[in-house]
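Enquirer: All the letters of the sequence shown, read from the start, carry residue numbers 9 to 233 under our numbering. By construction, the Cβ of each residue, glycine as well, lies at the ideal position given by its N, Cα and C atoms.
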Amino acid sequence: GTLAAGLAHEIKNPLGGIKGAAQLLSMELPGDSQLQEYTDVMVREVERVNGLIEELMDLARPRPPCFSSVNLAKILGDIVLFQKEAHRNKDINFKLNLDPSIPPIKGDENLFTRLFLNLIKNAAEAIRTSGEVEIITKVASDYSMHKEGERPAPLILVQIKDNGKGIPADELDRIFTPLYTTKTNGTGLGLAICQKIVHAHQGFLKVKSEPELGTVFSVYLPFLR
Numbered sequence: 009g010t011l012a013a014g015l016a017h018e019i020k021n022p023l024g025g026i027k028g029a030a031q032l033l034s035m036e037l038p039g040d041s042q043l044q045e046y047t048d049v050m051v052r053e054v055e056r057v058n059g060l061i062e063e064l065m066d067l068a069r070p071r072p073p074c075f076s077s078v079n080l081a082k083i084l085g086d087i088v089l090f091q092k093e094a095h096r097n098k099d100i101n102f103k104l105n106l107d108p109s110i111p112p113i114k115g116d117e118n119l120f121t122r123l124f125l126n127l128i129k130n131a132a133e134a135i136r137t138s139g140e141v142e143i144i145t146k147v148a149s150d151y152s153m154h155k156e157g158e159r160p161a162p163l164i165l166v167q168i169k170d171n172g173k174g175i176p177a178d179e180l181d182r183i184f185t186p187l188y189t190t191k192t193n194g195t196g197l198g199l200a201i202c203q204k205i206v207h208a209h210q211g212f213l214k215v216k217s218e219p220e221l222g223t224v225f226s227v228y229l230p231f232l233r
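1) Quick one: what's got a C-beta closer than 8 Å to V54's C-beta in the same chain, skipping five residues either side?
2) Determine the contact status of V78 and I110, defining contact as a CB-CB distance below 7 Å.
3) With the cut-off set at 7 Å, would you say I87 and F124 are in Cβ contact?
4) Are F225 and L127 closer than 7 Å when you measure CB to CB?
5) Measuring only the C-alpha atoms, how far is Y6 from L163?
6) Okay, do the segment 53-68 and the segment 90-104 touch, 3+ Cβ pairs below 8 Å being the bar?
7) Quick one: give me the first and last residue of the beta strand (DSSP E) that N101 is part of.
8) Please name the residue, chosen from E142, R52, V147, L60, that lies closest to N171 on a Cα-to-Cα basis.
9) Please give the ranges of any alpha helix (DSSP H) in the segment 33-103, keeping only runs that are unbroken, at least 4 residues long and fully inside the region.
10) Check this for me: beta carbons of Y228 and L165, under 7 Å apart or not?
11) Starting from L213 and walking both ways along the alpha helix (DSSP H), at which residues does that stretch end?
12) In terms of DSSP beta bridges, what is A164 paired with?
13) State the start and end residues of the unbroken alpha helix (DSSP H) segment that holds K129.
14) Whole angstroms are fine: how far does the CA of V206 sit from the CA of K214?
15) Answer yes or no: do I183 and L199 have a C-beta to C-beta separation smaller than 7 Å?
16) Measuring CA to CA, which of G222, A16, K204 is closest to P72?
17) Roughly how many whole angstroms lie between the Cα atoms of P186 and P38?
18) Going by Cα to Cα distance, which pick from L11, H17, H95, M35 is closest to E140?
19) Do T145 and G106 have their beta-carbon atoms positioned less than 7 Å apart in this structure?
20) Tell me the rounded alpha-carbon separation between F212 and M153.
21) Between the C-alpha atoms of L33 and Q44, what's the straight-line distance to the nearest angstrom?
22) Does K155 come out as helix, strand or coil in the three-state DSSP assignment?
23) What is the DSSP secondary structure of G222, counted as helix, strand or coil?
24) When you compare the CB positions of A134 and K169, do they come within less than 7 Å of one another, or not?
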C-alpha cells in the first residue's frame with residue numbers, strides 16, 4: 009500500500025503535465041490538422057494510465073465499506089439496463105432470475121455496484137457474438153456463516169452465468185492475480201478488486217468455468233441487516 013501510494017504520487021504529477029501540454033498543443037493546432045489525432049491519442053493514453061493507477065490504489069489501500077441497507081435487486085437491474093445498451097452490437101440475452109423474497113441486506117452500495125458491474129461486464133465480454141448472461145439471486149442452501157456466541161447467519165448467493173468462451177484450466181488459477189489479464193485492453197485488476205470487495209463484506213467468491221461452455225461466478229454474502 010505504501011509503495012503503491014508513493015508510485016501513484018510520483019506518476020500522477022508528470023501525467024498531469026503531459027495531459028496539459030497535449031491539450032494546449034491541440035488548441036494551438038488548426039482544426040483540420042492531421043496532428044490532432046496524435047494529441048487525442050496522448051490525452052486518451054494518459055487517462056488510461058491514470059485509471060490504472062486509481063485501480064491499483066483501490067486494490068492496495070481500499071477504503072473501508074460504508075454499510076447501509078442495500079437492495080441487491082435494484083443494483084443488479086440497473087447494471088443490466090446499462091449493459092444491454094453497452095453491448096447492443098451483440099445478440100446477448102440478459103436474464104434476471106432474482107428471488108423476490110430477499111430483503112435489503114447490509115453492505116456498501118457503491119462497492120456492490122462496482123463488484124457486480126465488473127462481473128456482469130466480464131460475462132458479456134466473454135460472449136463473442138450471441139449468447140446469454142443470467143443473473144441469479146437466492147438464499148444459499150450449502151453454506152452459512154457461523155460466529156462464536158451467535159446464531160448461524162444465512163448467506164445470499166448471487167450468481168453471474170454466461171455461455172461464452174470460458175476460461176482454460178491453466179488460466180483459472182491466475183485470474184485473481186493482480187495485473188494478470190488475457191484481454192488486450194484489460195488492466196488485470198478488476199477481479200482482484202472484486203475479491204477484495206467480497207472479503208471486506210465477510211463473504212467469498214467462487215468461479216467455475218469450462219472452455220467453450222461458459223463461466224459461473226458465485227458471490228456469497230452474509231445476510232446481515
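Expert: A quick look at the data gives this:
1) The count along the sequence shown starts at 1 and reaches residue 54 at position 46. Excluding sequence neighbours, V54 sits near L23, I26, K27, A30.
2) The count along the sequence shown starts at 1 and reaches residue 78 at position 70. The count along the sequence shown starts at 1 and reaches residue 110 at position 102. Cβ atoms of V78 and I110: not closer than 7 Å.
3) As a position in the sequence shown, residue 87 is number 79, starting the count at 1. As a position in the sequence shown, residue 124 is number 116, starting the count at 1. The answer is yes: Cβ separation under 7 Å.
4) Against the sequence shown, residue 225 aligns to sequence position 217. Against the sequence shown, residue 127 aligns to sequence position 119. Their beta carbons are under 7 Å apart, which means F225 touches L127 by this criterion.
5) Nothing about residue 6 can be reported from this structure: the residues present for the chain run from 9 to 233 only.
6) No: the two stretches stay apart, fewer than three of their Cβ pairs being nearer than 8 Å.
7) For the purposes of this step, residue 101 is taken as residue 93 along the sequence shown, with counting starting at 1. Where N101 is concerned, the enclosing beta strand (DSSP E) stretches over 99-106.
8) As a position in the sequence shown, residue 171 is number 163, starting the count at 1. Among E142, R52, V147, L60, the Cα nearest to that of N171 belongs to E142.
9) Counting only runs of 4+ residues, the alpha helix (DSSP H) found wholly inside the segment 33-103 occupies 44-68, 80-94, in chain order.
10) What you label residue 228 is simply residue 220 of the sequence shown in a count that begins at 1. What you label residue 165 is simply residue 157 of the sequence shown in a count that begins at 1. Yes. Within cutoff.
11) Here the question's residue 213 lines up with position 205 in the sequence shown. No alpha helix (DSSP H) holds L213; the beta strand (DSSP E) holding it covers 212-218.
12) Counted from its first residue, the sequence shown places residue 164 at position 156. Looking at the sequence itself, residue 164 is Ile, so the reference to Ala does not match. Beta bridge pairing from DSSP links I164 with V147, L229.
13) Walking along the sequence shown from the start, residue 129 turns up at place 121. Per DSSP, K129 belongs to the alpha helix (DSSP H) from 117-133.
14) Taking the first residue of the sequence shown as 1, we reach residue 214 at position 206. Taking the first residue of the sequence shown as 1, we reach residue 206 at position 198. Roughly 11 Å between the two C-alpha positions.
15) On the sequence shown, residue 183 is found 175 positions in, with the first residue counted as 1. On the sequence shown, residue 199 is found 191 positions in, with the first residue counted as 1. Between I183 and L199, the gap from beta carbon to beta carbon is short of 7 Å.
16) Position 64 of the sequence shown, counting from 1, holds the residue named residue 72. Out of G222, A16, K204, K204 has the C-alpha closest to the C-alpha of P72.
17) As a first step, residue 186 must be located in the sequence shown, where it is residue number 178. As a first step, residue 38 must be located in the sequence shown, where it is residue number 30. CA-CA distance, P186 to P38, rounds to 42 Å.
18) Here residue 140 corresponds to residue number 132 of the sequence shown, with the count starting at 1. Nearest option by C-alpha distance: H95.
19) One-based indexing of the sequence shown puts residue 106 at position 98. One-based indexing of the sequence shown puts residue 145 at position 137. The sequence shown places Leu at residue 106, not Gly. Yes, Cβ-Cβ distance for L106 and T145 is below 7 Å.
20) Locating residue 212 in the sequence shown gives position 204, where the first residue counts as 1. Locating residue 153 in the sequence shown gives position 145, where the first residue counts as 1. Answer to the nearest angstrom: the Cα atoms are 11 Å apart.
21) Here residue 33 is taken as the residue at index 25 of the sequence shown, counted from 1. Here residue 44 is taken as the residue at index 36 of the sequence shown, counted from 1. Computed Cα separation, rounded: 9 Å.
22) Working through the sequence shown from its first residue, we reach residue 155 at position 147. Correct three-state label for K155: coil.
23) On the sequence shown, residue 222 is found 214 positions in, with the first residue counted as 1. Strand, per DSSP.
24) Numbered from 1 along the sequence shown, position 126 holds the residue referred to as residue 134. Numbered from 1 along the sequence shown, position 161 holds the residue referred to as residue 169. No. Outside cutoff.
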